[in-house]
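Letter by letter, the sequence shown follows residues -15 to -1, 1 to 358 of mature numbering (1 follows the signal peptide of the UniProt record, and there is no 0).
Below is one structure, written out as structure tokens, with a few remarks after it.
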Amino acid sequence: MRMKTSKILSCTALAALALGFGPKAVPTLKAVYKKDFYVGAALNNRQVSGRDAKSTALIKEQFNTISPENLLKWEAVHPQPDQYNFKPADDYVAFGQQNKMWVIGHTLMWHQQTPKWVFEDAAGKPATREMVLKRLEDHINTVVGRYKGKIAGWDVLNEAIDDQQGDLRKTKWLEIIGEDFAAKAFEYAHKADPKAQLYYNDYSLYRPEKREGVIKLVKSLQAKGIKVTAIGMQGHYGLTKPSIEQVEASIVAFAKLGVHVNFTELDIDVLPNPSRRQGADIADTFTADAKYNVYTTGLPDSVQQQLTKRYADLFALFHKHRDVIDRITLWGVTDADSWLNNWPIRGRTSYPLLFDRNFQPKPAFQAVVQAAK
């Protein structure tokens, strides 16, 4: 284990020298942004269980907040009505506590990765409002209650706004419970852990229509006396879209609501996207096509430079608004971990993060460290 850790340190030491730090002053993301916001990553089961030692060393070295990529989604933690699978989530929370990290819970209510039984009665027919509300309350009480005082903040509601018009997304939650489904989820979460921060999380929030939909939703919750601590802007961005100005407009608009902002799922897709939409709807999938998997043997230097500038510009923006931004979370640790290797097409070779497949910092890492200055 010691040898593996030293190898990682030597990689970041190279970045330190390139930035003008002394050989002993290894820059880490959590250190350079210590006075500004938390910097973290989404973790998978192999990492939290200790089966990926190199990733674990890198996580401990670089990050001070963690999110569970899939471990706490409903289908993973509560697959059957009377069955909970807490072992992976317990490992995740224990890892965060042992390393004194800001531990995030993701997610309590989502239209994806929620088992069918939640919305059906014993005969397989649509469940009643009362039945679904009882299941939602029991789930939140059990899951949030288990980690009360251990998980600092929860993505209570995920992706509830329609991509196009900014209306409430047509989901089973809306169909069966009605328009107060969001309020109920936040109420149950607050009751289960009154001290936990509670968040709304969504993608493409730079789009004016979607931004306005979220503003309307949050205002409706605030009118009921429900506190939303922060809005999570999923940063699933491309090399050029959205523009920095578009992202900034949403930061400013959300801050006017009296809430803070988190960038919750940051990655930069460098590959051609078969979808004309810039988003993160996991239902949008496509069949394999070589023209969308163009860097199988490595990322060309010209694209690496684009990626570096993109991260530099984004972190300069985050640093500018550090008064309202609490957390930046990368959606994965190294390029090998990224969901973009399998979305929207399976089996691609993607390069969206700050560390490469050999656990080495990319030029983008150096640019992010520099942006803190």
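Each residue gets a CB set at the ideal place from its N, CA and C atoms; glycine is no exception.
Identify whether residue 146 lies in helix, strand or coil by the three-state DSSP scheme. strand
Do residue 99 and residue 143 have their C-beta atoms closer together than 8 Å? no
Closer than 6 Å by C-beta to residue 122: which residues in its own chain qualify, once you throw out the five before and the five after it? Chain order, please. 173
Is the separation between the beta-carbon of residue 96 and that of residue 156 shorter than 8 Å? yes
Would DSSP call residue 105 helix, strand or coil? strand
Assuming residue 78 and residue 137 form a contact by the criterion Cβ under 8 Å, report the distance between their Cβ atoms to the nearest whole angstrom. Actually they do not touch by this definition, with Cβ atoms about 10 Å apart.
Under a three-way DSSP split, which group does residue 248 fall into? strand
Check whether the stretch 271 to 288 touches the stretch 198 to 207, counting contact only when three or more Cβ pairs, one atom from each stretch, lie closer than 8 Å. no
Excluding the five sequence neighbours on either side, which residues of its own chain have a C-beta within less than 7 Å of the C-beta of residue 200, listed in chain order? 238, 242
What does the Cβ neighbour count give for residue 160, buried or exposed, with the cut at 16 atoms within 10 Å? exposed
Helix, strand or coil, according to DSSP, for residue 8 in the structure here? Confidence at residue 8 is low in this model, with a pLDDT of 47, below 50, so the placement of that residue is unreliable and no value is reported for it.
Whole-angstrom Cβ separation of residue 252 and residue 325, contact assumed at under 8 Å? 6 Å
Name the two residues that bound the continuous beta strand (DSSP E) containing residue 89. 87 to 94
Supposed contact pair residue 256 and residue 277 - C-beta distance, whole angstroms, cut 8 Å: 6 Å
Measure the C-alpha to C-alpha separation of residue 349 and residue 179 and round it to an integer number of angstroms. 39 Å
Cβ pair count under 8 Å reaching 3, the stretch 335 to 350 against the stretch 55 to 63: no
With a threshold of 6 Å on Cβ separation, who are the neighbours of residue 49 within its own chain once the five nearest residues in sequence on each side are excluded? 15, 23, 86
Would you say residue 295 and residue 339 are within 8 Å of each other, going by their C-beta atoms? no
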